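The opening residue of the sequence shown carries number 1 in full-length UniProt numbering; numbering runs sequentially from there. Backbone N, C-alpha and C fix where the C-beta goes; we use that ideal spot for every residue, glycine too. Because the structure is a prediction, the values reported are computed rather than measured.
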Amino acid sequence: MTASLSSRVAIVTGAARGIGAATARRLAEDGFAVAVLDLSEDDAQGTVGEIEAAGGRALAVGADVGDSEQVQIAVDRVAAELGPPVVLVNNAGVTRDNLLFRMTDADWDLVMHVHLRGAFLMSRAVQRHMTEAGWGRIVNLSSTSALGNRGQANYATAKAGLQGFTKTLAIELGKFGVTANAIAPGFIVTEMTKATAARLGQEWEPYVQARAAAIPVARAGRPEDIAHTVSFLVSEDAGFVSGQVIYVAGGPRA
Numbered sequence: 001m002t003a004s005l006s007s008r009v010a011i012v013t014g015a016a017r018g019i020g021a022a023t024a025r026r027l028a029e030d031g032f033a034v035a036v037l038d039l040s041e042d043d044a045q046g047t048v049g050e051i052e053a054a055g056g057r058a059l060a061v062g063a064d065v066g067d068s069e070q071v072q073i074a075v076d077r078v079a080a081e082l083g084p085p086v087v088l089v090n091n092a093g094v095t096r097d098n099l100l101f102r103m104t105d106a107d108w109d110l111v112m113h114v115h116l117r118g119a120f121l122m123s124r125a126v127q128r129h130m131t132e133a134g135w136g137r138i139v140n141l142s143s144t145s146a147l148g149n150r151g152q153a154n155y156a157t158a159k160a161g162l163q164g165f166t167k168t169l170a171i172e173l174g175k176f177g178v179t180a181n182a183i184a185p186g187f188i189v190t191e192m193t194k195a196t197a198a199r200l201g202q203e204w205e206p207y208v209q210a211r212a213a214a215i216p217v218a219r220a221g222r223p224e225d226i227a228h229t230v231s232f233l234v235s236e237d238a239g240f241v242s243g244q245v246i247y248v249a250g251g252p253r254a
């Protein structure tokens, strides 16, 4: 461990709610100062308030992760106000689900913009701080949809692409003390999955029960399930784990 890690800084994208918010709170509990990044700085304030109320340090940052200028400004601000970031969790995501013949160019482009371009730009901007510190952790949020999912040609492609991106980062950055891993959540109860149920015309509670019944551990996932896994992957103890895709799905299959 380098001396600079006595005050470690993490950035979590898409951290205003859901998995991102749970991850930001968990990393703050672990001792990180956390930059809570979302499209709107105002939206990120709620998570920051929760962290600060619990005694942690946090900063709300607004940026479109798919915009290179906004990303660089955001990372520079985090470095100036919290310290050089050595942990990055690329969680920001959107869905624009539809069957292939109904999917528009805009549906495809937006999902790629946020998931793939966003993870690329954030990782490129943060890696300098990690390599200079000689220590870093990148965690990308993939999905079981990477294995294919009806109505999600764009989302499945982006999430599969993140797995290849992760493995390449692990190869390129490993010699600098930086690990890169991906987490592929299964069914997690979030606003995004509620939107999916609505798109399918299904009531929420019966939808959750039906999904949970197909999961070996017989329950739906919670944002905290993913946050716990992130906590391990960014820890000192996970220093020999890199380039992996961990399916956190309550069983061995999507």
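Where residue 135 falls, given that 16 or more other Cβ within 10 Å makes a residue buried: Residue 135 counts as buried, since no fewer than 16 other beta carbons sit within 10 angstroms of its beta carbon.
Residues near residue 234 in its chain [Cβ-Cβ closer than 6 angstroms; skip 5 each side]: Around residue 234: 87, 137.
Contact under 8 angstroms by Cβ, residue 244 with residue 181: Between residue 244 and residue 181, the CB-CB gap stays under 8 angstroms.
Residue from 115, 154, 141 with nearest C-alpha to residue 107: Residue 107 has its Cα closest to that of 154, out of 115, 154, 141.
Sequence ranges, beta strand (DSSP E) only - wholly within the stretch 110-177, length at least 3: Listed in chain order, the complete beta strand (DSSP E) runs (minimum 3 residues) inside the stretch 110-177 are 136-141.
Member of 103, 203, 123 whose CA lies at the smallest distance from the CA of residue 172: It is 123 whose Cα lies nearest to the Cα of residue 172.
Segment contact, 8 angstroms Cβ cut-off, at least three pairs: the stretch 224-242 with the stretch 191-200: With a cut-off of 8 angstroms, the stretch 191-200 and the stretch 224-242 do not count as touching, because too few Cβ pairs lie within range.
Cα-Cα separation between residue 29 and residue 56, rounded to whole angstroms: Just so you know, the alpha carbons of residue 29 and residue 56 end up roughly 7 angstroms apart.
Straight-line Cα distance separating residue 14 from residue 98: If I take the Cα positions, the gap works out to 22 angstroms.
DSSP state of residue 27 mapped onto helix, strand, coil: Correct three-state label for residue 27: helix.
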